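Engineer:
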Amino acid sequence: MDRWINGKKLLAQRPGTSCYTVHSFIDQYFCEVILMTEQKETKLKHKIEDYRRFAFILLALSGFLLLGMVLPNETVQASDYTLLIVMTGVLVVAAVSLHASSIKTEKVLYQDDE
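FYI, the numbering used here numbers position 17 of the sequence shown as 14, with every residue one higher than the one before it.
Encoded structure:
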């Protein structure tokens, strides 16, 4: 893929970076800006993945707590059921808020692309 800055084709990629050799200071500045936006984009993508994974883990954990509440057990008292219900609710709310954060971060990512 050829890279162009200010109508000039960049010649070769600098070793160790994704920035290409440039001919002037202004071209170097634009090249650094391109690198910063690429790094910001990858950070946002990683945040989105992390939020979604953690939300899924919290939903799975709340499902196991709910399953433990539904399965019959003679030794469980009423106070234990209350604790399970509260913990399940807290985990579901946390999962929903993390999913909402991932959606908000995804909107920021796509707004930057435009």
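A virtual CB, placed ideally from N, CA and C, is assigned to each residue, including glycine.
Please read these numbers as outputs of a predicted model, since none were measured by experiment.
Taking 8 Å as the CB-CB cut-off, is L95 touching chain D?
Structural biologist: Note that chain D does not occur in the displayed structure, where there is just one protein chain.
Engineer: Straight-line CA distance for S76 to M66?
Structural biologist: By 1-based counting over the sequence shown, the position of residue 76 is 79. By 1-based counting over the sequence shown, the position of residue 66 is 69. Each residue's alpha carbon lies about 12 Å from the other.
Engineer: Using the rule of at least 16 other Cβ atoms within 10 Å of the residue's Cβ for burial, across every protein chain shown, is S59 buried or exposed?
Structural biologist: The count along the sequence shown starts at 1 and reaches residue 59 at position 62. Buried.
Engineer: Among V83, A52, K42, which has the Cα closest to the Cα of T102?
Structural biologist: Counting from one through the sequence shown, the residue named residue 102 turns up at place 105. Checked all of V83, A52, K42; the closest Cα to T102 is K42.
Engineer: Please state if the CB of Y48 and the CB of L95 are separated by a distance shorter than 8 Å.
Structural biologist: For this step, residue 95 is matched to residue 98 along the sequence shown. For this step, residue 48 is matched to residue 51 along the sequence shown. Result yes, Cβ atoms of L95 and Y48 sit closer than 8 Å.
Engineer: Taking the beta carbon of T85 as the centre, do at least 16 other beta carbons fall within 10 Å, making it buried, or is it exposed?
Structural biologist: The sequence position of residue 85 within the sequence shown is 88, counting from 1. Result: buried.
Engineer: Kindly give me the distance between the Cβ atoms of L106 and E38, rounded to whole angstroms, as I take these residues to be in contact under 8 Å.
Structural biologist: Along the sequence shown, read from residue 1 onward, the residue named residue 106 stands at position 109. Along the sequence shown, read from residue 1 onward, the residue named residue 38 stands at position 41. Confirmed, Cβ separation roughly 7 Å.
Engineer: What's the gap between the Cα of P69 and the Cα of E35?
Structural biologist: What you label residue 69 is simply residue 72 of the sequence shown in a count that begins at 1. What you label residue 35 is simply residue 38 of the sequence shown in a count that begins at 1. Whole-angstrom Cα-Cα distance: 53 Å.
Engineer: Could you tell me the distance, in whole angstroms, from the CA atom of A57 to the CA atom of V93?
Structural biologist: Numbered from 1 along the sequence shown, position 60 holds the residue referred to as residue 57. Numbered from 1 along the sequence shown, position 96 holds the residue referred to as residue 93. In a straight line, the C-alpha of A57 is about 13 Å away from that of V93.
Engineer: What separation, rounded to the nearest whole angstrom, lies between the Cα atoms of V87 and L55?
Structural biologist: Within the sequence shown, the letter at position 90 stands for residue 87. Within the sequence shown, the letter at position 58 stands for residue 55. Going by the C-alpha atoms only, they are around 10 Å apart.
Engineer: Which full runs of the alpha helix (DSSP H) of 4+ residues lie inside the stretch 70 to 105, going along the chain?
Structural biologist: Those alpha helix (DSSP H) runs which fall completely within the stretch 70 to 105 and span 4+ residues do not exist here.
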